[in-house]
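Numbering (my numbering), first residue to last: 13 to 148.
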């Protein structure tokens, strides 16, 4: 499997999840501490517009030089997104050209269309499943 320039083979990759009010500084610290990948949690960024989100992604991409996974997690899946599903997906896909991978939940209504769009952009798709009542 490959995400951006990172080939994931026999060694686990360290993923730093970024979702703070200082995302650029947090991303730089994560890189310094040895992260291999960054997961940018759109639902935790405290920004409302696609332009603001794209600005953060662009700044992190230029500063961090690490592959980026874009995630916009619904509240039901352990995230903070409370808005409409259509808006959540639009915001997630608005960073497709800046992210190296997109994470979409297995239970998402629009999963199939997101997968199709991500694959057509030659990006990596991650389909995630969350079970908060049982540990595998």
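For every residue, glycine included, the Cβ atom is placed at its ideal position computed from N, Cα and C.
Predicted model, so just to flag it, every value in this text is computed and none were measured.
Counted within 10 angstroms of its Cβ, other Cβ atoms place residue i as buried (16 or more) or exposed
i, result
"residue 124", "exposed"
"residue 73", "buried"
"residue 24", "exposed"
"residue 121", "exposed"
"residue 69", "buried"
"residue 56", "buried"
"residue 145", "exposed"
"residue 133", "exposed"
"residue 26", "exposed"
For residue i, the nearest candidate out of the options (CA to CA)
i, options, result
"residue 92", "26, 49, 23 and 54", "54"
"residue 16", "71, 82, 39 and 34", "82"
"residue 131", "141, 48 and 108", "108"
"residue 85", "31, 67 and 78", "31"
"residue 80", "39, 140 and 141", "39"
"residue 61", "71, 135, 104 and 87", "104"
Reduced DSSP secondary structure (H/G/I, E/B, other) of residue i
i, result
"residue 104", "helix"
"residue 37", "helix"
"residue 86", "strand"
"residue 121", "coil"
"residue 132", "helix"
"residue 28", "strand"
"residue 149", "Here the chain covers residues 13 to 148 and nothing more, so residue 149 does not appear."
"residue 57", "coil"
Residue(s) in a DSSP beta bridge with residue i
i, result
"residue 14", "19"
"residue 126", "None, per the DSSP bridge assignment."
"residue 115", "83 and 138"
"residue 52", "30 and 82"
Within-8 Å CB hit, residue i to chain C
i, result
"residue 78", "Included in the structure is just one protein chain, with no chain C present."
Euclidean distance between Cα positions of residue i and residue j
i, j, result
"residue 111", "residue 137", "11 Å"
"residue 50", "residue 42", "8 Å"
"residue 116", "residue 46", "25 Å"
"residue 76", "residue 34", "14 Å"
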